[in-house]
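Engineer:
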Amino acid sequence: MNSSLSFLAGILSTVLLVPSAARFLEGQNNQAALAKQSSIVFSGTVSQLGTVSFAGVPQSPQTIVVRVDFVLKKPAAVSLKKGDNVTVEVKDPSAFQPGTQATFYTEGWIFGSGVAVKELGHDFNPGGGAPAEGSPTGQPALAQTPKQISDQDLQNRVASSDLVVIGRITDVHRWTIPKSAAARYHVSEHSADWHEAVLQIKSILKGTKPKGNRMAVRFPLSRDVAWVNSPKFQKQQEGIFLLKKDQVSGDPTASVGGYQVDAYTCLKSGDWLPLSDEARIRSLLKN
Amino acid sequence: MKALAAFWMRLLAFTLLVLTAGILLMEKHAPPKTGVGADGPPSARTLGSVYAALTRVKLVDLIPASLSGETNQDSEPFLAVQTANPQVMVASAFTPNPVSSSSNAPIYVSEDGGNSWILNAITPVPRMTCDITHAMPTGENHPRGDLHAGTLACAASITLDESESNDVSSSAVMNVQSTRSNVDQPFVRALAISKTDHIYVGVNDFNQPSGRTATVDVSVDGGATYKSFSIEARHTAGQDGPSVRPAVAPDNTVYAAFFGWRKFNGTSATSDVVVVRDDAGGTGPRPFQALRDPSDKLPGRLVVKRTSIPWSNAPTLGQERIGSTLSIAVDPHNSSTVYLGWADHGQKGDIYTLHVRRSTDRGLTWSKADLPQTTISNATNIALAVANNGVVGLLYQQLSAGRWVTHIVQSHNAFATAQDLILASVPADTPKQQFLPYLGDYDYLLSVENEFRGVFCANNAPDRTNFPQGVTYQRAVDFSAKTLTDGSGNPVAVSIDPFYFSVPVIP
């Protein structure tokens, strides 16, 4: 009898609790995804509907004004603090009334004497101004947008790279434009000032290892606004290089150690990472 | 009787002495002509005679209060004023999207004549443009916008977008009307003619054959279609210089100036300074061929032949690069009068020397030498405009005694006499450059009704002595401590900001 009761209780709890737990976990995942996607996350109290908090923001039935109670995530450049009034363009204005307390997951919209944002999602805060219990946004790490590249960005970059290499730069020299590619080069403030780095390969995290242990990586040394965020390499520099076959400089090949090999480029900020990111990349490659 | 006369003489002398002392004392103790909303009299320095008229100058740092924590190098400014409603303006700079690297690059919008500005991310370019200029004619009756922009996107290949917004206050991303790669430095001018926006975009188009790259893109249907015209008729050193500058008059006269590069050695260009003209808005059978040079009968008047222009894509004039500053402006009520300004090696010992010349016969002949006192040492970012009353305005930035000094000069007689106001004088060695250009490859000046309006970039330290005409900050500042703050009282590092100004046109 006892065992039957236990069995029935087990069935019942499975039927009742597992979906709730699943929903809870799903909610947590959604919140975490929203928090990652959002540039500005704050908890606040709705003060006005159908209006805006500063001149220059287009007023509509979807715009509401929210007084900030807690700022959970924002870029350092943005001035936003407790007590500020924020205009939020919400998805469903009928979900809000004056006095409603919620955590808003948003993207920046208009910046003037105040901040206007567009809602990506929200959680109601039934107990007051604080974020909902268990909300991932309550973590101090979200207080400001981390400057490092996000896992999602990194995963995308790794996916779009032809090669991901751990190695060390052994030489850097100005790349001489070959005659075959000269026609495409003109003088401009945005000229890349191409340089070529010889990369000694230590290991390959993605892609097929090229012949030999060295390869050519082209990069722009220019300080022009178009290229300033591109990695600039120096001799003896070590790290993880996210590389693409060169489709930019005009010559897809390079000469390394007397051999003609494929040339690669490393162009975007974050296409070079320190060795300390190795475990992170390996983990992302498994997913 | 003699004694009485002497008494009156002494009394008169004493009275004059007291009056003079009183005036001097009042000037000494006058409140500073700076601060939020302050309008001060000019600290006018003259090139010739002094115009005694009092001046009301507006100078506003464009960074909004809600971005008080930013430290970007917001260089290379530009300005557009809505023709039908000059209260509406758009400005731009190398300002990144403040919250996202994948969202659109922003513009600054003012709807109150430049007193306040918001940042609205509506350009078609991700994060930050690599060049942006724009204009706001109102041929299509879009009173809150009708912005036509030329933008370059920073990517592996640099791409030009020619795009339009019908409402610069909306959040709708600008509609791209034309796009192509392999071009440089789009420079947009536009005018409403017969209820249609005529748009002229100077570009250095490397797709043009035979290295004749100086080009004007012309649209006479509000940007729906563009035609590209090479305006270079001569052999080049493989290309022309980056700057191609159109100027449009209401009578459909269009001028364009460019650097015809004849030789280039990597550090210096041997260049003609060329002006072309079109009398039918660029719509005739032979566009931009109305002017021919007497020396070779080819289209394009050679205002200056084979001058040496330094080219340096590294900090050279202070922390700024140099190589292609150029401006042309036409009198809106007399299209025969046109001014041209550029910089070259110039005088011995100079790094970069500005020059201004004038034609009063539609570009056929030009002043043989620089206009009086417009040969300006170690200066860049020249911008010219002509007001409705024929007064010419000259904006430039000069490196002087370790400071970047921004001047707005006005003259009604081709600089025989002029009023010269210093808008800003800021340290040239701070902040350290984040990239090039440091201040910009250009700034901009427009005439609007009875004002000159413009934009320039400068060190943003809130020090009243840096801005002799007064200044307004939207971002949080502590003038007494001369520091920027993030809105919560925390200090923020000095950076380069764009500044908007307006100055009344002299009589």
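Residue numbers (our numbering), protein chains in the order written: chain A, 4 to 290; chain B, 181 to 687.
Think of the CB as a built atom: it goes at the ideal place given N, C-alpha and C, for glycine as much as any other residue.
1. Checking 8 Å against the spacing of the C-beta atoms, do His198 (chain A) and Trp230 (chain A) come in under that value?
2. Between the C-alpha atoms of Tyr653 (chain B) and Arg414 (chain B), what's the straight-line distance to the nearest angstrom?
3. Identify which residue in B:Leu575, B:Ile602, B:His587, B:Val484 has its Cα closest to the Cα of Asp550 (chain B).
4. Let me confirm a value: Ser296 (chain B) is counted as buried when at least 16 other C-beta atoms fall within 10 Å, else exposed. Which label applies?
5. Closer than 6 Å by C-beta to Ser281 (chain B): which residues in its own chain qualify, once you throw out the five before and the five after it? Chain order, please.
6. With a cut-off of 8 Å, does the C-beta of Gly117 (chain A) fall near any C-beta of chain B?
7. Report all residues from its chain with a CB closer than 7 Å to the CB of Val683 (chain B); omit the five preceding and five following residues, and keep chain order.
8. What does the Cβ neighbour count give for Gly503 (chain B), buried or exposed, with the cut at 16 atoms within 10 Å?
9. Looking at chain A, is there any beta carbon in it that lies within less than 8 Å of the beta carbon of Asn300 (chain B)?
10. Any idea if Glu629 (chain B) is buried or exposed, counting beta-carbon neighbours within 10 angstroms, 16 or more meaning buried?
11. What does DSSP give as the partner residues of Gly573 (chain B) in its beta bridges?
12. Any chance you could list the beta strand (DSSP E) runs of at least 3 consecutive residues sitting entirely within the region 194–278 of chain A, in chain order?
13. With DSSP collapsed to three states, give me the class of Gln40 (chain A).
14. To the nearest angstrom, how far is it from the Cα of Gly261 (chain A) to the Cα of Asp165 (chain A)?
15. Which chain A residues sit within Cβ distance under 7 Å of Asp364 (chain B)?
16. Can you tell which of B:Gln388, B:Ala245, B:Arg425 has its C-alpha closest to the C-alpha of Ser408 (chain B)?
17. Could you round the C-beta distance between Val456 (chain B) and Ile411 (chain B) to whole angstroms and report it? I think they count as a contact, below 8 Å.
18. Excluding five sequence neighbours on each side, which residues of the same chain lie with their C-beta closer than 7 Å to the C-beta of Ser292 (chain A)?
19. Measure from the alpha carbon of Phe73 (chain A) to the alpha carbon of each residue in A:Pro234, A:Ser46, A:Asn216, A:Ala80, then state which is nearest.
20. DSSP beta-bridge partners for Pro684 (chain B)?
21. Run down chain A in chain order and give the residues with a C-beta less than 7 Å from the C-beta of Leu247 (chain B).
22. In angstroms, rounded to a whole number, what distance separates the CA positions of Pro129 (chain A) and Val71 (chain A)?
23. Between which residues of its own chain and Ala563 (chain B) is the CB-CB distance below 6 Å, once the five residues before and five after are set aside?
24. Give a yes or no on whether the C-beta atoms belonging to Lys76 (chain A) and Ala38 (chain A) are separated by under 8 Å.
25. Are the CB atoms of Asn646 (chain B) and Ser605 (chain B) within a distance shorter than 8 Å?
26. Quick one: Cα of Ala260 (chain B) to Cα of Arg217 (chain A), how far?
27. Hey, how far is the Cα of Thr331 (chain B) from the Cα of Thr103 (chain A)?
28. Could you run through the region 59–80 of chain A and flag, in chain order, every residue whose CB is less than 9 Å away from some CB of chain B?
29. Let me know if Asn284 (chain B) comes out buried or exposed under the rule of 16 or more other beta-carbons within 10 Å of its beta-carbon.
30. Is it buried or exposed for Gly86 (chain A), if we count other Cβ within 10 angstroms and need 16 for buried?
31. Give the C-beta separation of Leu619 (chain B) and Ser255 (chain B) to the nearest angstrom, bearing in mind that I take them to be a contact with Cβ-Cβ under 8 Å.
32. Nearest-angstrom Cα distance between Gly573 (chain B) and Ser557 (chain B)?
33. Under 8 Å between C-beta atoms, does Ile379 (chain B) make it to chain A?
34. Between which two residues does the alpha helix (DSSP H) carrying Gln155 (chain A) extend?
35. Applying the criterion that 16 or more other CB atoms from any shown protein chain within 10 Å of the CB defines a buried residue, is Leu288 (chain A) buried or exposed?
36. Closer than 8 Å, CB to CB, is Gly111 (chain A) near chain B or not?
Structural biologist: Quick look at the numbers:
1. no
2. Roughly 48 Å between the two C-alpha positions.
3. With distances taken between Cα atoms, Asp550 (chain B) lies closest to B:Val484.
4. buried
5. Arg307
6. yes
7. Closer than 7 Å at the Cβ level, and outside the excluded window around Val683 (chain B), lie Thr235, Val237, Ile588, Leu601, Glu631, Phe632.
8. buried
9. yes
10. It counts as exposed.
11. Bridge partners of Gly573 (chain B) according to DSSP: B:Ala565, B:Gln590.
12. 197–209, 217–223, 241–248, 256–259, 262–268
13. In the structure shown, Gln40 (chain A) sits in a helix (DSSP, three-state: H, G or I).
14. 23 Å
15. Within 7 Å Cβ-Cβ: Ser191, His193.
16. For Ser408 (chain B), the closest of B:Gln388, B:Ala245, B:Arg425 by C-alpha to C-alpha distance is B:Gln388.
17. 5 Å
18. Here chain A has residues from 4 to 290 only, and residue 292 (chain A) is not among them.
19. A:Ser46
20. B:Glu631
21. Ala80, Val81, Ser82, Phe114
22. Rounded to the nearest angstrom, the two C-alpha atoms are 16 Å apart.
23. Ser507, Leu575, Asp623, Tyr624, Leu625
24. yes
25. yes
26. 52 Å
27. Cα to Cα, Thr331 (chain B) sits roughly 42 Å from Thr103 (chain A).
28. Listed by position along the chain: Gly59, Val60, Pro61, Lys77, Pro78, Ala79, Ala80.
29. buried
30. Gly86 (chain A) should be labelled exposed.
31. 5 Å
32. 18 Å
33. For Ile379 (chain B), no CB of chain A lies under 8 Å from its own CB, so it is not counted at the interface with that chain.
34. 154–163
35. When all chains shown are included, Leu288 (chain A) counts as exposed.
36. yes
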